[in-house]
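In what follows, a single structure is set out as structure tokens and then discussed.
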Amino acid sequence: MAVKHLALTALIALTLAACEEDRYRGSARHNIPIPSATYSLMSEKGMSKSQPIVIRSYKKESELEIWKKRADGKYALLKTFPMCRWSGQLGPKVREGDRMAPEGFYAITPAQMNPNSSFYVSFNMGYPNAYDRSHGRTGAHLMVHGACSSAGCYSMTDDQIGELYALVREAHNGGQRAVQMQAFPFRMTPENLAKHRLDPNMGFWKNLKEGSDYFEIAKDEPAVGVSGGRYVFNKGGDSSVAQAIAQKRQQDDIQVAALVSKGTPAIKLIYDDGDQHSSFKRQLAQSGADALNRSVAWGSRNVGISRVDSLIGPRVVVLDDKGRTKATVRAESAENDAVLAAVRGAAEQPASEAKPAEVAVAAVPAKPAAAAKPADAATQLAKISPGAATAEPIQTASAEQPSFYQRALSFVPLLGGSSEKPAEAAPVASVVPETPQRMVAPLPPRRSTALRTSQLDQADAAYASKPATR
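In the numbering used here, the protein residues as written are -19 to 450.
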């Protein structure tokens, strides 16, 4: 009994510290080289490996950007990485164990680099920062790491984190004392601001947008401070830049108001537990059920893909003008269709008996008395959005499922868009399952059998000699 108790205690501790990292000796991973293709890209854009960088991450889009300073002193986009995994919901991390990945402005110093990570390599974001501490927020060891597994971190594939780590290392070696990481819930566009306008985090997100606007106008990292429980950016800075930022903010506000007046609904996204970039979902669709439950091994223990049952995509809660729920729908894409098919095809039935995935297009009321019928789809959409009543009727023939394009057009009125441009079609809706369904997840790329390293120069040797942080 005592042995079982100790084992249970160890399991709970491991779960609560899923992003906290075991260390071991003898690692040479600090010297992972920057890929030659990235060197070529730098050369094309007038950049060098030693120039400063800024990291920008976006949860909703599951993307992470590297911006690098050019010879003219302005930052330019070097590369965008699809994110393999993040956990939790949109919004800031508040307390230890909430599985939320941080949002805010963070600084990554050489002391926060960890080449001895059991998630390949990693760097600590620096949570909690001064802003987080001013709000009494708790948590530690919030990382950007590999292994495509997250319990509050931003997780990449091993190849990706190796490249990111090398880029941050070389910026440090070039004299950048701290690499700024700007972590956002989504890209700060008028469309996203209009859709999320009733979210309780909107005040915080607008504060983040102030720093984002500065970066996008000045093409330089903002000086970040904290005052009165808010981020303060470039206090007493260049007046001409401040004027340009004010103009941008005014234009964005006008666009948000126009989108709202055209019927763009207020929404709230609810994730089962974070998400990943659609490119990894396409890999899943191509790999099929063979990719089920395979894990990644590195270091002293196995690191499994986190919460593989939660990657179908968020539920979209459509709100009325008072913030009350009008409907809950499952956002879909072509990639999510394939994921659904793979999940349902991997159910506990022989492959020969597996049925094609059924994708409904009716919106689900918040508290349905009974399951919605396909024939009622047009009626339900009309109730949610008056414009939907004049939309092209939804095809519900059981002999053949409607194409993704047809279903996307049928759902456009719900999200306040136009069906005239297929490229801009909004996500379609599907019935939200009443019970969670198990899911497969894409695999990180296989590691090479031998890690390439480069010879330590004097700066690297001094850097690597620092004790690794957890």
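We treat Cβ as the ideally placed atom computed from N, Cα and C, and that holds for glycine.
Residue burial classification, residue i (beta-carbon count within 10 angstroms, cutoff 16)
| i | result |
| --- | --- |
| threonine 137 | buried |
| lysine 175 | buried |
| leucine 147 | buried |
| glutamate 83 | buried |
| isoleucine 234 | exposed |
| aspartate 112 | buried |
| aspartate 301 | exposed |
| glutamine 92 | buried |
| arginine 5 | With a pLDDT of 39 at arginine 5, under the threshold of 50, the modelled position of that residue is not reliable, and no figure is offered here. |
| glutamate 143 | buried |
| glutamine 231 | exposed |
| alanine 131 | buried |
| glutamine 156 | buried |
| lysine 48 | buried |
| aspartate 218 | exposed |
| lysine 39 | buried |
| glycine 209 | exposed |
| glycine 293 | buried |
| glycine 191 | buried |
| glycine 183 | exposed |
| glycine 26 | exposed |
| alanine 238 | exposed |
| alanine 51 | exposed |
| leucine 57 | exposed |
DSSP beta-bridge partners of residue i
| i | result |
| --- | --- |
| methionine 454 | Within the shown structure, residues of the chain are numbered from -19 to 450, placing residue 454 beyond reach of any answer. |
| alanine 246 | Leu299 |
| alanine 255 | The amino acid at residue 255 is misidentified as alanine; the sequence shows aspartate. According to DSSP, aspartate 255 bridges with Trp66. |
| phenylalanine 213 | Val204 |
| alanine 56 | Lys48 |
| valine 309 | Val296 |
| asparagine 96 | Per DSSP, none; premise fails for asparagine 96. |
| glutamate 43 | Tyr38, Pro62 |
| tyrosine 107 | Tyrosine 107 is not bridged to any residue. |
| serine 135 | Arg65, His125 |
Opening and closing residue of the beta strand (DSSP E) in which residue i lies
| i | result |
| --- | --- |
| threonine 18 | Premise fails: threonine 18 lies in the alpha helix (DSSP H), 16 to 24, not in any beta strand (DSSP E). |
| valine 124 | 123 to 125 |
Rounded straight-line distance, which links the Cα of residue j to that of residue i
| i | j | result |
| --- | --- | --- |
| lysine 305 | lysine 248 | According to the sequence provided, residue 305 is threonine. The question's lysine does not apply to it. Cα to Cα, threonine 305 sits roughly 9 Å from lysine 248. |
| glutamate 171 | valine 236 | 7 Å |
| glycine 68 | alanine 81 | 7 Å |
| tryptophan 66 | leucine 291 | 10 Å |
| arginine 9 | lysine 189 | 36 Å |
| glycine 243 | proline 202 | 35 Å |
| serine 37 | alanine 158 | 17 Å |
| aspartate 356 | glycine 254 | With a pLDDT of 40 at aspartate 356, under the threshold of 50, the modelled position of this residue cannot be trusted; read the value that follows with caution. The straight-line gap from Cα to Cα measures roughly 31 Å. |
| valine 74 | serine 98 | 25 Å |
| valine 204 | glycine 116 | 19 Å |
| glutamine 162 | valine 34 | 8 Å |
| arginine 177 | alanine 246 | 6 Å |
| valine 296 | aspartate 179 | 12 Å |
| isoleucine 250 | threonine 308 | 10 Å |
| lysine 59 | glutamate 45 | 6 Å |
| serine 30 | tyrosine 19 | 11 Å |
| asparagine 187 | isoleucine 88 | 21 Å |
| valine 124 | tyrosine 100 | 11 Å |
| proline 13 | histidine 152 | 14 Å |
| arginine 534 | isoleucine 141 | The question about residue 534 has no answer, for the chain in this structure spans -19 to 450. |
| serine 258 | asparagine 11 | 31 Å |
| lysine 261 | cysteine 133 | 19 Å |
| proline 32 | leucine 299 | 43 Å |
| methionine 63 | methionine 105 | 16 Å |
| tyrosine 145 | alanine 120 | 20 Å |
| glycine 53 | tyrosine 194 | 15 Å |
| asparagine 96 | serine 16 | 24 Å |
| asparagine 181 | arginine 310 | 22 Å |
| glycine 126 | tryptophan 185 | 27 Å |
| phenylalanine 164 | asparagine 109 | 15 Å |
Terminal residues of the alpha helix (DSSP H) in which residue i lies
| i | result |
| --- | --- |
| arginine 113 | 110 to 114 |
| glutamate 190 | 182 to 198 |
| histidine 152 | 138 to 153 |
| serine 102 | No alpha helix (DSSP H) holds serine 102; the beta strand (DSSP E) holding it covers 102 to 104. |
| valine 240 | 219 to 241 |
| glutamate 171 | 170 to 175 |
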